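Student: Can you read through this structure? Questions will come right after.
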Amino acid sequence: MAYKQHFIEWFSGKQIPSYWTLTQIVATCTATISDEVDGGMLFQTDSGSGSPSASLTFNNKRQYVANGFKFISVCKKGSDNNVGIKGGMGSSTSVNPDHHAFMVEGTLASYKTLATKDGSTGTETASSIALSQDAFAYDIEGTTSNVTLGINGSIAVTKTTNRPSDPLQPYLYIQSRSTAAVKNYNVRYLECYNT
Amino acid sequence: MTNSIYDQLNASGTVAKQRVVETFSGDALDTDRWSLDVDDGSGNVVAMTDEVDGGVRITTSGSGYDRVVVAFNNKRQYAHTGAELIGVRKVTSSTGNHVNHIGFVDTLGNGFVSGRHFVSAEFHSGVTNYSLQSGDGSAISRISSGVARDTNWHVFKVRTTNPTTGLSVDGALEVTKTSNPPATNMQPAFEELANDGVAYQGQVRYVEAYNT
């Protein structure tokens, strides 16, 4: 079998590699390498009100197929719970890409949740796994029959509705919620590939 | 079906700790990842080699004292309480008056010296064997690996678990010590130091670091 597209990001080094694009959606956010053990990339909002938010993507270089990809990441949100985070595969840099398959955490959801969108309609299916500030590993796999969300190695959600169909890119997102303060989202591993 | 790298590196259900893998292959050193810290001297060169299995090469200027450290610009994501670094390295001269380190260090500025927290696989042209050296922020100490210094490629693996530090060379002959262990977070780093105005070279073709 010919080798398919495969990408690994360790988020360890001097600075965020230039193949990542930070797109400001509301106000100003930053993406830097953390100076702390196991800190990976530190995605931060600014301290303002009005829900500062941003995405980190490949600037619409979409090399991954919606019905045959796997995305894996290790992340945690910061100690301020008033934050929403997403990670997964999306078709654009916007807050709500037309095609996507995202893990959603923080005050954007009540539990760790799988969100998908098929070009027009977006729906979410919650897992039974509570929101938390602990680091966790998750994976999202898109196949010809469903999209699954796994948390720490076990499948937590299987979703068959409103699945993406357009080509996708890796996508990370942070949004400050409710309070005017700096919010954090650490990502220390990201891998995606066509299956 | 394609398998993930993640599943090959981690047991099922594991939340992976920080890791980095660098293969030093391309047209230039990845300066998004690596910073250069030149404590003294000018005219030093850090460049990818145009040779089979060559990796990246530090060449000191050949004029006076030079020290070049390649590191993460003080992004310290690796724990003194549990981290390992694997480096494939060689020096091109085993004589003269120069030193080469590969390992973890806390802060840039003067490299792997007294006053720094570090653990390294040390080449020292004045010491018979490759050594495990560490520093605790005030004093440093070394222990011989039993493997004679030379100009060949070797795989060095350093580890720190506080208070024990360890070194293996080519997968065997690990030595450990508990004196002067590092006591703070660190970054991967490698260094070439020339003491006598001669142009020395140190090469690295692989670095992998991870928290354990």
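Line by line, the protein sequences give chains A and B.
Start counting at 1 in the first sequence, then tack on 4, and there's your number in the numbering used here.
Start counting at 1 in the second sequence, then tack on 2, and there's your number in the numbering used here.
All C-beta atoms in this analysis are idealised placements derived from N, C-alpha and C, irrespective of residue type, glycine included.
If you're wondering where the values come from, they're calculated on a predicted model, not measured in any experiment.
(1) Considering only residues of the same chain and omitting the five flanking positions on each side of residue 138(A), which have a CB-CB separation below 7 Å?
(2) Residue 58(B): which of 65(B), 71(B), 67(B) sits nearest, CA to CA?
(3) From the DSSP output, in three-state form, read off residue 205(B) for me.
(4) Ignore the nearest five residues each way along the sequence and tell me which others in residue 125(A)'s own chain have a CB closer than 8 Å to its CB.
(5) Taking only runs of the beta strand (DSSP E) that begin and end inside the stretch 80-134 of chain B, which ones reach a length of at least 3 residues, in chain order?
(6) Along the chain, where does the alpha helix (DSSP H) that runs through residue 173(A) open and close?
(7) Alpha carbon to alpha carbon, how far is residue 76(B) from residue 170(A)?
(8) Would a check of beta-carbon distances place residue 76(B) closer than 9 Å to chain A?
(9) If you measure beta-carbon to beta-carbon, which residues of the stretch 21-41 of chain B are closer than 9 Å to chain A?
(10) Using alpha carbons as the reference points, say which of 134(A), 103(A), 60(A) lies closest to residue 70(A).
(11) Measuring straight from C-alpha to C-alpha, what distance separates residue 185(B) and residue 110(B)?
(12) If the cut is a Cβ gap below 9 Å, which residues of chain A does residue 72(B) touch?
(13) At a Cβ cut of 8 Å, what residues of the stretch 29-42 of chain A count as close to chain B, listed as they run along the chain?
(14) Taking only runs that begin and end inside the stretch 16-52 of chain A, name each unbroken beta strand (DSSP E) of 3 or more residues, in chain order.
(15) What does the alpha-carbon distance come out to for the pair residue 20(B) and residue 194(A)?
(16) Can you list, in chain order, the residues of its chain with a C-beta nearer than 8 Å to that of residue 8(B)? Leave out the 5 residues immediately preceding and following it.
(17) Please decide whether residue 157(A) counts as near chain B, where near means a Cβ-Cβ distance under 9 Å.
(18) Go through its chain and collect everything with a Cβ distance to residue 159(A)'s Cβ below 8 Å, but skip five positions before and after it.
(19) Have a look at the DSSP bridge pairing and note the partners of residue 190(B).
(20) Name the one or two DSSP bridge partners that residue 119(A) has.
(21) To which residues does DSSP link residue 177(B) through a beta bridge?
(22) Compare the C-alpha of residue 42(B) against each of 66(B), 188(B), 31(B) and name the closest.
Tutor: To lay it out plainly:
(1) 80
(2) 71(B)
(3) strand
(4) 166
(5) If we require 3 residues or more, the beta strand (DSSP E) runs fully inside the stretch 80-134 of chain B come out as 85-93, 100-107, 119-126.
(6) Unbroken run through residue 173(A) is the beta strand (DSSP E), 173-180; no alpha helix (DSSP H).
(7) When rounded, the separation of the alpha-carbon atoms in residue 76(B) and residue 170(A) is 40 Å.
(8) For residue 76(B), the answer is yes, since a Cβ of chain A falls inside 9 Å of its Cβ.
(9) 21, 22, 23, 24, 32, 33, 34, 35, 36, 37
(10) 103(A)
(11) In a straight line, the C-alpha of residue 185(B) is about 16 Å away from that of residue 110(B).
(12) Going along chain A, no residue has its Cβ under 9 Å from residue 72(B), so there is no contact; the nearest lies around 10 Å.
(13) Within the stretch 29-42 of chain A, 37, 38, 39, 40, 41, 42 place their CB atoms closer than 8 Å to a CB of chain B, listed in sequence order.
(14) Correct list: 25-30, 34-37, 45-48.
(15) 11 Å
(16) 18
(17) yes
(18) 152, 153
(19) BP columns for residue 190(B) point to 106(B).
(20) By DSSP's assignment, residue 119(A) forms a beta bridge with 106(A), 128(A).
(21) 169(B)
(22) Considering only alpha carbons, the answer is 66(B).
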